[in-house]
Each structure stands twice: as C-alpha cells, then as structure tokens.
Amino acid sequence: MNVFRLAGDMTHLLSIMVLLLKIHSMKSCAGISLKTQELYVLVFATRYLDIFTTYFSFYNTVMKIVFLVTSFSIVWYMRHHKVVRQTYDRDQDTFRHHLLVIPCFLLALLINHRFTVREVLWTFSLYLEAVAILPQLVLLQRSRNIDNLTGNYVFFLGAYRGLYLFNWIYRYMAEKSQLRWIPWISGLVQTALYADFFYYYIKSWKKREKLQLPA
Amino acid sequence: SAAEQPKDEL
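Residue numbers (my numbering), protein chains in the order written: chain A, 1 to 215; chain B, 1001 to 1010.
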C-alpha cells in the first residue's frame, strides 16, 4: 500500500470520526444531509459484498467493517436518536436522492467490466459514491451557519477521493497496474464536484472567517 | 470474458 492510498483512507476515516464527534458531543446533526448518509450506506453495502468471501488483508477487512458500521449508525442516529433527530434540517434537505440511485444503477448495467451481479453492484457503488455528496452540498449552500465540524467533515470527505487519484496514478506508474477506467473516471468526477467547496473552504480558512457558501 | 477488476481498495 502506497502513501497516497493510506493518506486517502485515513482522511476518509477522519471525516467519519469528525461527523461522529459532532453527533456524540454536540448531540446535533444540523447541516448534515441524511440523504447523503443514506446513499453512503447503499454505497458500502453494495461495494463490500465480498467481505466474507474474499480476504485481502486484516486492514482491508477491519476498514470495511468500520465503514459499514459507522455509516449505518450515523443514519440510525439521524433518524431515531431522540435528541439528535430533532436537530436534523428536514425542510432544507430536500434533494430527491432516489433520482441518483436509478441512473447510477442503469449506468452500471450498461457500463461495467463484466456482467455479473458482484461486478455490476461494485460498479454501481462507484458511480453512486461519485454523486452521493450532492444532497450534502446543496444543504450546505442553503445553510446560513456552517459550523466548523460540518465544514471539516465535508473537506476531509472530499480530500479522501482526491488522494485516491494520486494513489491510482502511482499504482499505474510504479506497479504497472492495469487500466481501471471505471474507478478512475468516477473518482475524478467525485473529486471535481468538491472543487467549488474546496475553493470557499480554503478561502475562509486563510482569512480566518466563518465558512459560508454563496447561494 | 474479461477478468474481474481487482477490489483491494476501499
């Protein structure tokens, strides 16, 4: 495993820890899109179907379990925890996320590496992950008040896939890995969707001002 | 048919 891949995974883990910290310590999910969190549950559930059938490494298995358990528990907190769920911005989080699931699934049926259940679902998870942040970005844009934990959560989440891009370049060059267009293009789209957010995040950080996205 | 894509990433 190269340094970009490890840094990417750690950033991903960090983003989830930041979100859990917000939920646990502030007992709040204000500014967090339940729609995006539900999409991540679907992403991990369809990608990690091989968890009990294919063993890569201890690291790999543990990380998969962590991503599955944390994504499920975040959704549980937002829907059912008696304090946390009252802080959910239901009226602002109106993105129709089902409209992302269907086209991603159709695309995975059409464009995949091999037409098997496992390969199509894995491909679907990559396409869906690329766009899963959209409800969250829309909610951020509607929020007048973005707290630091929410801003950092989205920043780390975006940085994770950006680091994976470097990992793929490294693997292609150094390890002579095969061409992997599906994850590469999905990852590129995923990172590009954050460009606008990154711009305002870094700008506010430099000026030491509170993060606010233009409507 | 093509081989499965490697899935050693997260």
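All C-beta atoms in this analysis are idealised placements derived from N, C-alpha and C, irrespective of residue type, glycine included.
If only complete runs of 4 or more residues are kept, the region 60 to 145 of chain A shows the alpha helix (DSSP H) at 98 to 110, 117 to 131, 134 to 142, in order along the chain. If you draw a 10 Å sphere on the C-beta of residue 202/A, you find fewer than 16 other C-beta atoms in it, and that means exposed. For residue 158/A, the uninterrupted alpha helix (DSSP H) segment begins and ends at 148 to 174. Segment contact: the region 182 to 200 of chain A against the region 18 to 38 of chain A, fewer than three CB-CB distances shorter than 8 Å; contact not assigned. Cβ proximity to chain B below 9 Å picks out 67 from the region 67 to 79 of chain A.
Taking CB atoms only, residue 124/A has no neighbour in chain B less than 8 Å away.
Nearest to residue 42/A by C-alpha distance, out of 10/A, 105/A, 212/A, is 105/A.
Between residue 78/A and residue 29/A, the alpha-carbon positions lie close to 7 Å from each other. Close CB contacts of residue 113/A within its chain, under the 8 Å cut and outside five residues either way in sequence, are with 119, 123, 182 (chain order). For residue 214/A, the three-state secondary structure derived from DSSP is coil. Between residue 27/A and residue 83/A, the CB-CB gap stays under 8 Å.
Between residue 33/A and residue 178/A, the CB-CB gap reaches or exceeds 8 Å.
Between residue 210/A and residue 142/A, the alpha-carbon positions lie close to 15 Å from each other. In the displayed model, residue 38/A falls within a helix according to three-state DSSP. Contact fails between the region 45 to 53 of chain A and the region 158 to 170 of chain A, because fewer than three Cβ pairs, one in each stretch, are under 8 Å apart.
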